[in-house]
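The block underneath contains the structure these notes are about, expressed in C-alpha cells.
Protein chains: 2
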Amino acid sequence: MSIQEKYDSFVEYTRELSALDAAESLLAWDQQTYMPPMGAESKSRQLATLSGIHHDMLVSDTMKRHLDELANGDLDKLGEDARVNVREMKRAYDHASRVPTKLVRDIARAQSLGMEAWAEAREKSDYKIFAPWLEKLLKLKCEQADAIGYEESRYDALHDEFEMGSTAKRITSVFAKLRDELVPLVDRIVNSDVAKAQKIPARDYPRAKQEALGRELLTAIGFDWKAGRIDVSAHPFCTGNLHDVRLTTRYNEKDLTQALFGLMHEGGHGLYEQGFDPAHQGTPRAQAVSLGIHESQSLMWENIVGRDRGFWKFAYPKLQKHFAPTFDSVSPEEWYKEINKVERSFIRVEADEVTYCLHVILRFELEVEMIEGRLPVKDIPEAWNAKMKDFLGITPKNDAEGCLQDIHWSHGIFGYFPTYALGYLYSAQFYNQAKKDLPGVEDDYAKGEFGRLLGWLRKNIHQRGMTYAPHDLVKVVTGEELDTKYLIDYLTKKYTPIYEL
Amino acid sequence: MSIQEKYDSFVEYTRELSALDAAESLLAWDQQTYMPPMGAESKSRQLATLSGIHHDMLVSDTMKRHLDELANGDLDKLGEDARVNVREMKRAYDHASRVPTKLVRDIARAQSLGMEAWAEAREKSDYKIFAPWLEKLLKLKCEQADAIGYEESRYDALHDEFEMGSTAKRITSVFAKLRDELVPLVDRIVNSDVAKAQKIPARDYPRAKQEALGRELLTAIGFDWKAGRIDVSAHPFCTGNLHDVRLTTRYNEKDLTQALFGLMHEGGHGLYEQGFDPAHQGTPRAQAVSLGIHESQSLMWENIVGRDRGFWKFAYPKLQKHFAPTFDSVSPEEWYKEINKVERSFIRVEADEVTYCLHVILRFELEVEMIEGRLPVKDIPEAWNAKMKDFLGITPKNDAEGCLQDIHWSHGIFGYFPTYALGYLYSAQFYNQAKKDLPGVEDDYAKGEFGRLLGWLRKNIHQRGMTYAPHDLVKVVTGEELDTKYLIDYLTKKYTPIYEL
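The listed protein sequences derive, respectively, from chains A and B.
Taken in order, the first sequence gives residues 0 to 500; the numbers are from numbering that gives the first Met the number 0.
Taken in order, the second sequence gives residues 0 to 500; the numbers are from numbering that gives the first Met the number 0.
As C-alpha cells, then:
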C-alpha cells in the first residue's frame, strides 16, 4: 500500500469513529430535549453501549496498526492536514489506551454516585455529605492523571484533555496577573457614584416572542438554519457540527435576558461548529481544538458583539417591536447600561463579564492545590470563602452558594474550569487583532452587518480546526503570546464611561 | 460456568445489541422529525456505521459462542422465556450470517439507486425508468432468499423476515378465500342505493386543535405520555419500545381525518410497544413478534374501535368542542357514516377498511409470481391493471396510480405487503375473541372506557412478545387457525346497516 492508501484507510476508520461520536451526541441531545421521562434508563444503556464501542474502536489493534503504519511511513508527503489528523488521533489513542479499563469503570461509578451526593449536599447546604465522594473522585482522577502521564504538574494531564498543550504553570502566571488587574477594576466599578442602571421593566416576556427575537438575531450574525436548529432544554448547550448543529436554550418569561444572551452565547459556539472545512468532515482537522477556543467564540458573540452599543443600535428597535409597548419608555442607552451591569456576586453562572474570571481563577487555584496534594478536601470550604473574600470582597452565607455551587467536581471534572477564563482572554486578544485587520469593523454592527467579523473568524480560527494547539493558535493569529492586557483594555475602555470611572 | 451464568452472559450481549438497535431507531426518528436539511449526509453515515457494527456484533464469534454454549447446555432448566430468547437470537444470527457481506452491500447500493429511479418513474409515470432497477433488485433479493434458504417457496425466505413462520402457501389459500368474499361485498356496497354520506364541512382545521383532540383520544385509550410522545413527520410512523415510544403524524389543515385516524393507528402500534413485559427489556421476549401482529394492534384502535359508533358517542362531543361551531350542524350519525365510507379507489394508502385487503392481495399475488420466476418484470403493469379490474372493477389511468404507487419494491422489500392484510385478519379474529372473553366490551367505548380491551390485549398479545410465531399466537389466543370469516363477519355486520344492504 502507498502512504496515500494507508492514510485513506486511516481516515475512513477515523470517520467511523466520528460518526459514532455524532450518534452519541444526538442521543445526549435527545436526552435533554425530547426524551419522555421514563426513557432515561434505556437511554443510559444506549449511551453506555455506544461509548464502550467507541472506546474499543479507539484503542483497537486496527487503530494501532493504522497509527503504526503512518508513523513509519513518509507522512510528510501528504502535507499538513494529514499530519494534524494523525497527530490528534495518536494523542486520543494514547490517552485512551493508557487509562486501565477498571479505572474508567471505577470513575464512571464514582461520578454517578458523586453527583447524587453533591445534589443532596447542595440542597441541604451540607458539605460533609459530598466530602467523602469528592475525596474518592479526586483520588481516582489523580490515578488517571498518573496513568496518562505529565511533565510538570499532575494537573496538566487532566487539563490537557480540555485545553491541548495548556499547563498549570502557564495558566498560573497568566491568571495571577489577570486577578491582580481585575480586583482593583471591580473595586473601582462597584464603588463608583453612578446610580444603578434602571431595571428592565418587570413584565411577562412570552416565550414565542423571545424565540422570534432570538432567531432574528442569530440569523443576522450568520447562523445557518439549513445546518442547525434551536430546541429547549433545562441547561443550554450546543452540540453537533458542520451541517447539523443543535443549540438549546431555556426561556424565563420573567427575564428576557437569559434566553437572549444565552442564545447569542450558544449561537457563537454554533458558528464555530458550522465553520469547519467540510472537506475534512469527520477528522480532527474539522473539529474544535479546545474548550477555551470554543468559549472564545461564544463570548465573542454574547459579550463583545452582543453587549456592544453599536450592536444594540441595530437590535434594539427589533426588541422594542417584539415586546411593544414595554420598551417604548426605555432608551437604548438605559438598556445598554442595564445589560452591562457589574456586581459582586456569589454564583459564577450569574456573574457579569468583569467579575466572571475571578470566579474561575478561584476554582483553578483550589483545583491545582487539590490535585497537587496541598489542599485537603476537608479544608475546601474555608479556602473557598477566603479567596472569595480576597477576590470579590464578599463571603458566601453557606456552602450552597460557595463551594457546592458547581456540578463539575461531583462529576470528577478537574482541569475544566480554567477554560472559561481562557475563553475570555482569547476572545479579547482575537478581537483586538480582528479590529486591526478589519478597520472600522465595530461600525458594521449598527448596520446589522456581521459578515466581515464572521469571515475573519472563519478564516483565522474556525477553518483551522485542530491544526494548532490553542496557545499556538493565539500566536499564529495575533503574532503574540497570550496576554491579559487585551481583556483588561477591553473591560477598562468599555466600563470607564459606563461607570464614569 | 453454570447454564444460568451462560444464559445471563448471553442476555447481557443481547441487550447491548438491543441498545444499539434503539440508538439506530432514535437516529432514524430524528432524520424524519428534527434533523436540519443539510444533516442528511452525516446522518446516513451514522446510520451506516451503527448498522455495520450491529451486523458485526450479531454474526460475531462472541454471539456464536453464546449460542453454541446454550445449544449444548441444559437450557430447559431455565424455562420458557430463556428458550424463546435463545431461539429468536439464533434465528436472527442464522439469517444474518447466511447472507454474504458482498450481497448485503450490493442490495444496499441497488436500493439507494432503485429508490431514485422509482421516484423519477413515478413522477413521470414512466415504468420503463424503474423496470431495470426492479429487475436488478428482484435478482439480488432472489439471491438473498437462496442464501437464507426455504422449504417450499423462495418467497418464504423473504416473507419470514417480517412474519415469522408464515408461508406463501398458507397465505395464498387464506387470501384467495378473502378475495372471493370481499369482491362481491364491495360490489354490493358500491352498487347500493344509499346516498353518499354528507361531506365533512370544508373548513380549516387548525393543527393545534387537531393535536389537542388527538392527544385527548390517545390518553383515553391508554397511551402513556411518560413513556412516549408525538412529533410531526412527512410519513407517520411509530418507533421505540416500552418506556420510550415515539409516534409521528402529519397534519392536513384541510382534512381533519388524516391526522385523527393516523394518530389512532400509530397509537395502536404504540400501545403494543408500551405493553411488553419490562422484566424482559432488550430481549426478543419483550419485542414485537411480527409486522402482521403489529398491524393487528394499530387496526384494532384505528378501525375496530376508532370507527365504531359507540366510540364516537364518547369522542364526538370532544370533536365538536375542539372545532366549534363547525360540527354543530353535523349529527353523530352523519359523521359515523362519513368516516366509514366505502369506495373503489386506486391508491392503497387511501383505501377504506373494506377495499384495503384487495389492494394487498393484488400485490401479494404479483410478488409471488415475480419471486418464483413466473412473471417477468416487463409484464407487471399489465398484470397489475388486469388484477385491479378483476378485484375492484377499475383501471388505473397510468402507472403512477398503478404499479408505481408504492415505495416498497424500489427499496427491494418483497414479502412485506401481505402483513398489512394479515393484520386485518388477525385484528378481526382477536377482537371476536375479546368480545367473547369480555361480555359487553363494545359498550365500554361510549363511556370512554378502554381499560378492559387494553388489558385483554396486554395479557393475550403484548406481554407475550415473541413467545409464539403469529399463526401459533392466533391459535393460542382464539383456539383456532387463522380464518377469514371473522373479518368478513365484522365487515358484513358493520356495513350492512350503513349501506342498507
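Glycine is no exception: its CB is placed at the ideal position from the N, C-alpha and C atoms.
- Of the residues A:GLY274, A:LYS198, A:VAL231, the one whose Cα lies closest to the Cα of LEU452 of chain A is A:GLY274.
- For LYS493 of chain B, the CB contacts under 8 Å within the same chain, skipping 5 residues up- and downstream, are ASN339 in chain order.
- Per DSSP, the unbroken beta strand (DSSP E) holding ARG245 of chain A starts and ends at 243–248.
- When the Cα atoms are used, GLN319 of chain A and PHE174 of chain A turn out to be separated by approximately 40 Å.
- According to the DSSP secondary-structure assignment, SER289 of chain A is paired through a beta bridge with A:GLU162.
- Counted as a single uninterrupted DSSP element, the beta strand (DSSP E) harbouring ILE229 of chain A occupies residues 227–231.
- Using a Cβ-Cβ cut-off of 7 Å, MET34 of chain A is close to ASP243 of chain B, given in chain order.
- Around LYS225 of chain A, the beta-carbon contacts reaching into chain B at under 8 Å are PRO35, PRO36, MET37.
- Inter-residue distance for ALA258 of chain B and GLY221 of chain B is about 18 Å (C-alpha atoms, whole angstroms).
- With its beta carbon at least 7 Å from every one in chain B, ALA258 of chain A lies outside the interface.
- Its Cα nearest to that of PHE313 of chain A, the residue A:GLU448 stands out among A:HIS234, A:ARG347, A:GLU448.
- Taking a cut-off of 8 Å on C-beta distances, the region 271–285 of chain B does not touch the region 388–406 of chain B, as fewer than three cross pairs fall below it.
- Using a Cβ distance threshold of 7 Å, MET369 of chain B and GLY305 of chain B do not count as a contacting pair.
- Comparing alpha carbon positions, the residue from A:LYS386, A:PRO417, A:GLY392 closest to CYS402 of chain A is A:LYS386.
- Beyond the five residues adjoining it in sequence on each side, SER409 of chain B comes within less than 6 Å, by CB distance, of GLY113, MET114, TRP117 in the same chain, given in chain order.
- Within 9 Å of the CB of GLN319 of chain B, no CB atom of chain A is found; the nearest one sits about 28 Å away.
- Any Cβ of chain A closer than 7 Å to the Cβ of GLU15 of chain B would place that residue at the interface, and such an atom is present.
- Membership of ASN459 of chain B in any beta strand (DSSP E) is not indicated; the residue belongs instead to the alpha helix (DSSP H) covering 450–459.
- If you draw a straight line from the Cα of ASP203 of chain A to the Cα of ILE412 of chain B, it comes to about 54 Å.
- GLY422 of chain B sits away from GLY267 of chain B, with the two beta carbons spaced by 7 Å or more.
- Restricting attention to A:PRO380, A:ILE106, A:GLN432, the CA atom closest to the CA of GLN143 of chain A is found in A:ILE106.
- Excluding sequence positions up to five before and after SER295 of chain A, its CB lies within less than 7 Å of the CB of GLY422, TYR425, SER426, PHE429, all in the same chain and listed in chain order.
- Only exposed fits GLN3 of chain A, as fewer than 16 other CB atoms lie within 10 angstroms of its CB.
- As the crow flies, the alpha-carbon of GLU333 of chain A is around 32 Å from that of ARG228 of chain A.
- The way I'd put it, the region 462–470 of chain A does touch the region 159–169 of chain A; three or more beta-carbon pairs between them come closer than 8 Å.
- Boundaries of the beta strand (DSSP E) around CYS237 of chain A: 237–240.
- Around the Cβ of HIS461 of chain B, a 10 Å sphere holds 16 or more other Cβ atoms; the residue is buried.
- Straight across, the Cα-Cα distance linking ASP29 of chain A with HIS407 of chain A is about 22 Å.
- LEU49 of chain A and GLU23 of chain A have their C-alpha atoms roughly 7 Å apart.
- Cβ-Cβ distances below 8 Å link LYS42 of chain B to LEU26, ASP29, GLN30, MET34 in the same chain, with the five nearest sequence neighbours on each side left out; the list follows chain order.
- Relative to THR491 of chain B, the option among B:GLU301, B:VAL353, B:GLY414, B:LYS474 whose CA is nearest is B:VAL353.
- The beta carbon of THR48 of chain A falls within 7 Å of a beta carbon belonging to chain B, placing the residue at that interface.
- Against ILE52 of chain A, the close residues of chain B are ILE52, in the order they occur along the chain (beta-carbon pairs closer than 7 Å).
- Look at ASN339 of chain B here: in three-state DSSP terms it is coil, with no helix or strand label.
- Residue pairing by DSSP places ASN251 of chain A opposite A:ASP254 in a beta bridge.
- The continuous alpha helix (DSSP H) containing GLU381 of chain A extends over residues 379–391.
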